[in-house]
Amino acid sequence: MNAFFDVLTERWSTAAEPDSTSVLILAGVVVVVMSVHRLWRVLRQASTIIHEMGHVLMAWVSGRRVSGIRLHSDTSGVTVSVGRRQGIGMLLTALGGYPAPGLLALGMAALLAAGHAGAALTLYQAVVLLALLLSRNLVGIFSCLLSLGATGLIWWHNDPLIVTYTVVALAVFYAVAGVRGTFDVVRIHARRRPEAAGTDASLAARSWRALPLPPFMWLGFFLLVSAGSAAGVVWMFAG
Numbered sequence: 131m132n133a134f135f136d137v138l139t140e141r142w143s144t145a146a147e148p149d150s151t152s153v154l155i156l157a158g159v160v161v162v163v164m165s166v167h168r169l170w171r172v173l174r175q176a177s178t179i180i181h182e183m184g185h186v187l188m189a190w191v192s193g194r195r196v197s198g199i200r201l202h203s204d205t206s207g208v209t210v211s212v213g214r215r216q217g218i219g220m221l222l223t224a225l226g227g228y229p230a231p232g233l234l235a236l237g238m239a240a241l242l243a244a245g246h247a248g249a250a251l252t253l254y255q256a257v258v259l260l261a262l263l264l265s266r267n268l269v270g271i272f273s274c275l276l277s278l279g280a281t282g283l284i285w286w287h288n289d290p291l292i293v294t295y296t297v298v299a300l301a302v303f304y305a306v307a308g309v310r311g312t313f314d315v316v317r318i319h320a321r322r323r324p325e326a327a328g329t330d331a332s333l334a335a336r337s338w339r340a341l342p343l344p345p346f347m348w349l350g351f352f353l354l355v356s357a358g359s360a361a362g363v364v365w366m367f368a369g
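First residue of the sequence shown? That's 131 in this note's numbering, and the numbers climb one at a time after it.
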């Protein structure tokens, strides 16, 4: 156990000073890759993992019991929690998903700016590992293992510069993914598709009678948090 904590402490404190030009180039590459439709359809699953973990965290905070999460091959997902169908707990759980990728990106960028790149990557590993433990289907398990494997070797090898640029790439990815995912659900509502009735915004509108706001208000909340988080990431990296 002491050896485990020694390894964890060593990696938690990993840091390196990134070159600003390299950061901008890497950020640009990540954005370009995400703009390729076929690649985004694959990469989006990594964003769905964090989306569902946002639901999980808010369910726990509000006192609900989480049974597990399921990720699907179409990059959608669902979090199953047990508790009252109405009330602030259900509302908070519904609101936790779309802001989660952007808030994770903001947290990782803040840790990096504070000189704790290793802590940022360790945080990411912990979140995805928890998602793996909560996964209840093969697609979810495989997706989490893939995400863990993609960054786990970097975390274990613990080269300060590689860890730093990995955190930059992850922060940019999740900042953009948070905004893009939010615009996707906005388009569903704008086009009045049948699936709009089952979105997080619609669920939030039905969740707490004491706060009967329509779905478009919650969509605005998702946009505000996601765009604000992305702006914060840009500000930290640009500074």
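Every residue gets a Cβ at the ideal spot worked out from N, C-alpha and C, and that includes glycine. Keep in mind that this is a model prediction, so the values were computed, not measured.
Straight-line gap, residue i to residue j (C-alpha atoms, nearest Å)
| i | j | result |
| --- | --- | --- |
| A175 | H202 | For clarity, residue 175 is Gln in the given sequence; the question names Ala instead. So the alpha carbons of these two residues sit roughly 9 Å apart. |
| M347 | A360 | 20 Å |
| L138 | L253 | 11 Å |
| L221 | V309 | 21 Å |
| A383 | R141 | Nothing in the structure corresponds to residue 383, since the chain is present only between 131 and 369. |
| S356 | L278 | 24 Å |
| L225 | Y295 | 31 Å |
| G213 | S273 | 27 Å |
| V153 | V298 | 7 Å |
| N288 | R321 | 47 Å |
| A368 | R215 | 44 Å |
| A307 | D204 | 16 Å |
| Y228 | V159 | 24 Å |
| R194 | S332 | 20 Å |
| N267 | T223 | 21 Å |
| A340 | T209 | 24 Å |
| R336 | A230 | 21 Å |
| R168 | V269 | 18 Å |
Limits of the unbroken alpha helix (DSSP H) element including residue i
| i | result |
| --- | --- |
| T312 | 290-320 |
| D149 | First-last for D149: undefined, no H or E at that position. |
| H287 | 268-287 |
Secondary structure of residue i, DSSP reduced to three states
| i | result |
| --- | --- |
| L263 | helix |
| L343 | coil |
| G207 | strand |
| S192 | coil |
| V212 | strand |
| R323 | coil |
| G198 | strand |
| S356 | helix |
| Y254 | helix |
| H246 | coil |
| V166 | coil |
| T178 | helix |
| W338 | coil |
| T223 | helix |
| T329 | coil |
| G350 | helix |
| G217 | coil |
Burial state of residue i (16 or more Cβ within 10 Å)
| i | result |
| --- | --- |
| F303 | buried |
| H246 | buried |
| V315 | buried |
| E182 | buried |
| T151 | exposed |
| F135 | exposed |
| S165 | exposed |
| W285 | buried |
| A133 | exposed |
Contact set for residue i: own chain, Cβ-Cβ below 6 Å, skip 5 residues either direction
| i | result |
| --- | --- |
| A301 | A235, M238, A239, V363 |
| A243 | M366 |
| V196 | V186, A189, S211 |
| P148 | T294 |
Residues of its chain near residue i, where Cβ-Cβ distance is below 8 Å and the 5 sequence neighbours each way are ignored
| i | result |
| --- | --- |
| A146 | A247, P290, L291, V293, T294 |
| L349 | T312, V315, V316, H319, A331 |
| G358 | G232 |
Beta-carbon proximity list for residue i, same chain, < 7 Å, skipping 5 on both sides
| i | result |
| --- | --- |
| V258 | I179, C274, S277, L278 |
Cutoff 8 Å: residue i Cβ touching any chain B Cβ
| i | result |
| --- | --- |
| R266 | Although the question refers to chain B, the structure presented lacks it and comprises just one protein chain. |
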